[in-house]
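First residue of the sequence shown: 1, per the working numbering; consecutive thereafter. Don't be surprised by glycine CBs; every beta carbon is placed ideally from N, CA and C. This one's a predicted model, so the numbers in the text were calculated from it and none came from an experiment.
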Amino acid sequence: MQVRPLSTRAANAERRLNNVQNQLLATAVGMNQKGAAADAKWDEAAEERVKRERQGGKERVAELENNLPSASLRCFMFYL
Numbered sequence: 001m002q003v004r005p006l007s008t009r010a011a012n013a014e015r016r017l018n019n020v021q022n023q024l025l026a027t028a029v030g031m032n033q034k035g036a037a038a039d040a041k042w043d044e045a046a047e048e049r050v051k052r053e054r055q056g057g058k059e060r061v062a063e064l065e066n067n068l069p070s071a072s073l074r075c076f077m078f079y080l
């Protein structure tokens with residue numbers, strides 16, 4: 001084979017390699033962005049769950065505190 005066709009083939013191969021590397025880099029950047037967005041959504045959902053659990057705990061404590069005097073009064077009256 002002559003030098004010119006080999007040189008052209010090598011240049012084309014290098015160009016294709018550069019294109020594939022650029023696509024790979026762009027894909028990696030896109031995946032990192034999607035991963036960061038997914039992590040943010042998970043964090044937000046976890047914070048919301050914690051808030052709901054705390055609120056539910058506060059409500060349960062308040063309910064128990066409200067029921068405590070009447071329950072102890074009923075027990076006291078039962079023994080009379």
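Simplified DSSP state of residue i, which is helix, strand or coil
{"i": "Q21", "result": "helix"}
{"i": "Q55", "result": "helix"}
{"i": "Q2", "result": "coil"}
Straight-line gap, residue i to residue j (C-alpha atoms, nearest Å)
{"i": "E14", "j": "R54", "result": "60 Å"}
{"i": "V3", "j": "A11", "result": "12 Å"}
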